[in-house]
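First to last, the sequence lines map onto chains W and X.
Going left to right, the first sequence walks through residues 1 to 145 as this note's numbering numbers them.
Going left to right, the second sequence walks through residues 146 to 817 as this note's numbering numbers them.
Each residue gets a CB set at the ideal place from its N, CA and C atoms; glycine is no exception.
Values in this document were obtained by computation on a predicted structure and should not be read as measured data.
Here the structure comes first, spelled out in structure tokens, and everything after it is commentary.
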Amino acid sequence: MKKYGKFAALIVVVIGTLVWLATAEMKDNQTYYKTITELGQMGDKAYGARVRVGGDVEAGSIKHIGNQTVFVLVQDKSRLTVAYNGSDPLPDTFKDGAQALADGKLGKDGTFQAGKIQAKCASKYEAKPGMKPGETLPNINRSSL
Amino acid sequence: MENLGSLAILLAFCVAIYSTVAGVVGRLKAKPLLIVSARRAAYVTWALLTTAAAVLVTSLMTGDYRFSYVAEHSNRTMPMLYKFAAWWGGQEGSLLFWSWLLSTYTAVVVFSNRRRHANMMPWVLAVLTTVQTFFLLLNNFIANPFQMLATDGLIVDVKDGNGLSPLLQYPAMAIHPPMLYLGYVGFAVPFAFAMGSLITRQPGDAWIATTRRWTLVTWLFQSTGIMLGAAWAYHVLGWGGYWGWDPVENASLLPWIAGTAFLHSVMMQEKKGMMKVWNMVLISTTFFLCILGTFLTRSGVVQSVHAFARSEIGKYFVSFLAIGIAAVIYLILERLDYLKSESQLESVVSRESSFLFNNLILLASCFAVLWGTLFPVISEAISGDKISLDADWYNRLMVPIGLFLLFLTGVGPLFSWRRTSVDSLRRNFQWPGIASLVLVGALIAAGIRHFYALISFGFCLFVALTVIIEFYKGAHAISLKSNMNLLRATVELTHRNTRRYGGYLVHMGIVLMFIGFTGHAFNLNEVKEVTTGDKMTIGKYELRMVNLAQGENENYAWHRATMAVTKNGEYIDTLEPEKRFYKASRQGTSEVGIRQRPNEDLYLNFGGMSDDNQRAVIQAYVFPLVSWIWIGTLVVIFGTLVCLVPSKVKMQYARTEVVGVAQASRPARLET
């Protein structure tokens with residue numbers, strides 16, 4: 001049975017290495033998905049953790065201050081001030097009323113510091129068919145890739 | 146029209162159920178006529194689904210905007226090619242496409258095996274039609290592509306459709322989904338044969354021999370599909386990457402990894418009668434991962450952070466997977482005795498062992514990717530927090546795994562069956578080993594300190610040399626014996642054993658791809674806001690903006706930068722990155738400017754306009770060696786095609802019979 005011992009030892013080494021690679025420092029690679037309300041309920045845990053939070057961009061809230069873009073995300077009745085300071089230009093779809101996802105960390109001052117913004121146009125939402133020209137289209141769309 | 150489509154899929158649903166039941170009953174009660182009717186029902190299913198597909202495609206092409214699917218995924222200004230591609234551009238259409246492909250495959254399988262495997266075929270057909278029934282269930286009752294737009298009970302149309310997402314309006318993207326689907330659906334066939342063989346306790350490995358080519362072709366489609374996706378991401382998305390460990394990408398990778406493991410471990414069964422249970426498990430895993438992949442991409446269960454739309458389809462997939470997996474586990478456990486291995490592992494340094502580790506690593510990576518992909522779901526179930534893992538996590542895990550696999554690619558094929566002598570190790574690996582060490586030494590001397598990159602380059606040279614030496618040795622012997630030049634002798638050699646040398650070619654392609662992946666360690670990037678006349682530098686390149694223009698046509702509005710590229714003070718090229726904004730779908734896309742060269746790509750993306758709308762944000766990247774990924778892919782495709790050519794010399798595989806002392810000690814190594 002000696003040869004099976006060798007196999008077993010090798011397999012344990014390989015699997016062990018992989019498990020170690022998978023779990024070590026996993027915290028750094030984690031991103032929490034939260035709604036604005038949930039973010040508020042996280043308490044102290046929220047500071048320092050990487051979070052992705054979604055909501056609608058409040059109309060008229062987008063301001064450019066120096067290199068930063070500051071805006072307010074709204075979901076149901078919760079509001080969150082977001083400061084974007086990433087290097088990529090903001091997506092074209094990012095505008096008043098758009099659905100946006102901000103990826104970053106919550107600062108101690110309650111402002112969410114985002115390094116990445118994704119946005120989806122609000123126009124892709126349902127309207128009744130049989131519309132007049134200029135109206136948006138009916139869409140029950142799932143974005144499809 | 147709309148009634149014809151709906152009627153066709155409804156009838157197809159009934160006929161598929163009939164086909165399953167008639168086949169199984171006919172087989173159990175030994176009623177040949179019933180079996181024949183089940184077979185014909187499979188053809189009828191195909192005819193009905195073809196009709197349904199034709200209705201959908203026609204309405205897409207002619208722009209019948211009374212169909213909700215057409216209104217969502219097509220519009221008037223789209224070119225014909227993309228109107229056709231809209232067939233698989235959305236959920237309902239792509240599921241119909243799945244169904245149609247499966248029915249086509251089933252018809253082909255039934256036709257080509259109509260005089261063979263009389264014992265097993267009814268079950269094979271039953272497995273396929275069961276899967277077909279499930280998809281038709283979705284087509285009919287969950288995601289019906291023939292839904293009409295209506296207000297107050299009256300069918301209405303809209304003036305124009307939303308159009309296919311402009312990101313998908315790209316030739317590689319038009320054929321990427323069908324390629325992947327050909328792969329996804331294709332694995333249903335070897336799976337069905339495996340189950341048929343298991344249910345009827347077929348002696349021997351008929352199912353493997355019958356489906357070998359099928360599996361290879363399926364694997365080829367899937368590989369091509371995945372790489373088309375990578376090439377599309379690189380050329381279209383504007384971030385310069387080709388792989389981001391996105392759940393949708395992972396969904397296509399998972400069955401590919403399991404399928405690759407299956408292709409390798411099947412050789413163990415063919416040649417040594419080992420790993421029979423394992424192969425059953427692997428092909429089932431591959432098939433279920435294909436279903437899971439369809440589920441992940443179609444249900445939005447994982448990336449639904451976006452919560453843009455959560456579809457109802459999920460629970461049907463989960464039920465189907467649960468029932469299917471339970472059935473397979475039951476079958477395998479119930480028939481374990483039939484799957485008994487005919488020989489045993491003997492040495493760690495043997496071909497068997499290298500296959501074992503190849504499988505272990507592939508499966509481990511498959512599990513890791515699955516774990517990472519489903520982590521948001523798992524973590525939500527356990528702790529209530531929805532947590533995702535980023536690309537760094539995958540890379541930390543998958544880079545060492547990939548390198549280890551690359552190493553096995555080099556040594557595995559040269560190990561002998563059963564055990565490898567020290568002498569043969571030295572003979573095969575001495576020079577490639579020394580050459581790789583020299584290369585690594587030279588690279589360190591040249592100032593490269595990236596640990597994984599050094600290992601990767603070392604292994605790449607090692608594997609490439611072992612493959613080249615194998616070709617050279619064989620070709621040299623033939624050229625001496627039959628007086629040919631070396632080139633013709635290489636072709637002759639490959640033709641004599643296409644599986645072996647085609648396999649080597651695939652490995653060579655993988656090496657080239659790894660060279661391309663390794664280039665990632667040396668990427669450069671630079672972002673700057675520039676206007677006409679401004680300059681920026683990246684690496685050895687200097688970029689000057691010659692012109693900044695904008696305009697629009699009926700389909701989209703655009704901004705375009707014209708950048709003159711100089712290197713060492715000499716003008717070499719002009720690149721024109723462009724940003725488009727599509728009107729119908731209100732989405733932006735990038736048309737990147739790329740200067741592709743074998744040593745590196747210069748890649749310019751028009752990021753957007755600056756806040757004051759005066760300057761353009763230009764993102765410049767240098768990607769060393771990235772072209773080798775695409776070249777390697779072509780070599781992989783070529784090698785797989787070679788594997789499919791029948792060998793000139795029929796190989797006689799020595800199979801160790803059920804282990805007896807006298808036989809086991811006889812060398813069983815005729816085919817290498």
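Whether residue i touches residue j by CB criterion (8 Å)
{"i": "Tyr905/X", "j": "Gln314/X", "result": "In this structure chain X extends from 146 to 817, so residue 905/X is not present and cannot be described."}
{"i": "Thr635/X", "j": "Ser792/X", "result": "no"}
{"i": "Val70/W", "j": "Lys63/W", "result": "yes"}
{"i": "Met345/X", "j": "Asn264/X", "result": "In the sequence as presented, Met is not what sits at residue 345/X; that position holds Thr. In this structure, Asn264/X lies closer than 8 Å to Thr345/X by Cβ."}
{"i": "Trp243/X", "j": "Leu205/X", "result": "no"}
{"i": "Leu343/X", "j": "Met412/X", "result": "no"}
{"i": "Pro89/W", "j": "Val544/X", "result": "no"}
{"i": "Ala580/X", "j": "Leu553/X", "result": "no"}
{"i": "Leu155/X", "j": "Asn307/X", "result": "no"}
{"i": "Thr278/X", "j": "Thr251/X", "result": "no"}
{"i": "Leu548/X", "j": "Ile600/X", "result": "yes"}
Residue i: CB within 7 Å of a non-hydrogen atom of the ligand ADP
{"i": "Ile774/X", "result": "Among the components of this structure there are no ligands whatsoever, and the ligand ADP is therefore not found."}
Euclidean distance between Cα positions of residue i and residue j
{"i": "Asp44/W", "j": "Phe433/X", "result": "42 Å"}
{"i": "Ile506/X", "j": "Leu550/X", "result": "7 Å"}
{"i": "Thr93/W", "j": "Glu637/X", "result": "58 Å"}
{"i": "Phe453/X", "j": "Leu441/X", "result": "Its pLDDT being 35, under 50, Phe453/X is placed unreliably by the model, and nothing is read from it."}
{"i": "Gly664/X", "j": "Glu745/X", "result": "9 Å"}
{"i": "Ala904/X", "j": "Phe726/X", "result": "In this structure chain X extends from 146 to 817, so residue 904/X is not present and cannot be described."}
{"i": "Asn758/X", "j": "Gly107/W", "result": "30 Å"}
{"i": "Glu615/X", "j": "Tyr766/X", "result": "39 Å"}
{"i": "Ile532/X", "j": "Gly517/X", "result": "10 Å"}
{"i": "Gly234/X", "j": "His218/X", "result": "7 Å"}
{"i": "Ala666/X", "j": "Gly385/X", "result": "14 Å"}
{"i": "Lys6/W", "j": "Ser492/X", "result": "9 Å"}
{"i": "Tyr483/X", "j": "Lys421/X", "result": "9 Å"}
{"i": "Ile782/X", "j": "Leu365/X", "result": "7 Å"}
{"i": "Val14/W", "j": "Leu408/X", "result": "22 Å"}
{"i": "Asn148/X", "j": "Trp191/X", "result": "18 Å"}
{"i": "Leu18/W", "j": "Leu542/X", "result": "7 Å"}
{"i": "Ala175/X", "j": "Gly648/X", "result": "43 Å"}
{"i": "Ile474/X", "j": "Leu399/X", "result": "20 Å"}
{"i": "Val301/X", "j": "Gly150/X", "result": "18 Å"}
{"i": "Val12/W", "j": "Leu501/X", "result": "14 Å"}
{"i": "Trp352/X", "j": "Met266/X", "result": "10 Å"}
{"i": "Tyr686/X", "j": "Leu427/X", "result": "49 Å"}
{"i": "His595/X", "j": "Pro311/X", "result": "39 Å"}
{"i": "Tyr326/X", "j": "Gln367/X", "result": "8 Å"}
Beta bridge counterpart(s) of residue i as assigned by DSSP
{"i": "Val74/W", "result": "Asp56/W and Arg79/W"}
{"i": "Ser735/X", "result": "Lys724/X"}
{"i": "Gln113/W", "result": "Ala83/W and Lys105/W"}
{"i": "Trp703/X", "result": "Gly696/X and Arg725/X"}
{"i": "Ala765/X", "result": "Glu671/X and Leu749/X"}
{"i": "Leu534/X", "result": "Gln30/W"}
{"i": "Ala199/X", "result": "Per DSSP, none; premise fails for Ala199/X."}
Closer than 7 Å at the beta carbon, the chain B residues around residue i
{"i": "Asp530/X", "result": "You won't find chain B in this structure, because its protein chains are W and X."}
Selected residue, minimal CA-CA separation from residue i, among the options
{"i": "Gly438/X", "options": "Asn264/X, Val426/X, Val330/X and Leu149/X", "result": "Val330/X"}
{"i": "Tyr646/X", "options": "Val780/X, Ser248/X, Ala192/X and Met372/X", "result": "Val780/X"}
{"i": "Gly830/X", "options": "Arg689/X, Thr249/X and Ser492/X", "result": "In the structure as shown, chain X begins at 146 and stops at 817. Residue 830/X is therefore absent and cannot be evaluated."}
{"i": "Met372/X", "options": "Ile774/X, Pro267/X and Lys304/X", "result": "Ile774/X"}
{"i": "Ala406/X", "options": "Asn503/X, Leu786/X and Ser735/X", "result": "Asn503/X"}
{"i": "Leu770/X", "options": "Pro224/X, Arg705/X and Ala598/X", "result": "Ala598/X"}
{"i": "Ala376/X", "options": "Thr355/X, Ser410/X, Ala319/X and Ser429/X", "result": "Ala319/X"}
{"i": "Tyr4/W", "options": "Phe280/X, Leu152/X, Leu246/X and Val494/X", "result": "Val494/X"}
- Item | Residues from the region 15-44 of chain W in contact with chain X, defined by Cβ distance under 7 Å | Ile15, Leu18, Leu21, Ala22, Met26, Asn29, Gln30, Thr31, Tyr32 and Tyr33
- the region 485-509 of chain X: positions lying closer than 8 Å to chain W by Cβ: Leu490, Glu491, Ser492, Val493, Ser498, Leu501, Phe502, Leu505, Ile506 and Ala509
- Item | Residues from the region 359-388 of chain X in contact with chain W, defined by Cβ distance under 8 Å | none
- Query: According to a CB-to-CB cut-off of less than 9 Å, which residues of the region 53-87 of chain W neighbour chain X?
  - Reply: Gly54, His64, Thr69 and Ser87
- Query: Taking a cut of 9 Å between CB atoms, which residues from the region 536-568 of chain X lie near chain W?
  - Reply: Ala536, Asp537, Trp538, Tyr539, Arg541, Leu542, Pro545, Ile546 and Phe549
- Message: So if I threshold CB-CB distances at 8 Å, which residues from the region 581-599 of chain X count as touching chain W?
- Response: none
- Query: For the region 270-294 of chain X, which residues have a beta carbon sitting closer than 8 Å to at least one beta carbon of chain W?
  - Reply: Leu294
- Query: In chain order, what residues of the region 98-116 of chain W put their CB closer than 9 Å to some CB of chain X?
  - Reply: Gln99 and Leu101
- Interfacial residues, the region 654-670 of chain X to chain W, with Cβ spacing under 8 Å: none
- Query: Using Cβ-Cβ distances below 8 Å, what residues of the region 757-774 of chain X are close to chain W?
  - Reply: Val762 and Gln764
- Message: Output needed in chain order: residues of the region 325-337 of chain X with a Cβ under 8 Å from some Cβ in chain W.
- Response: none
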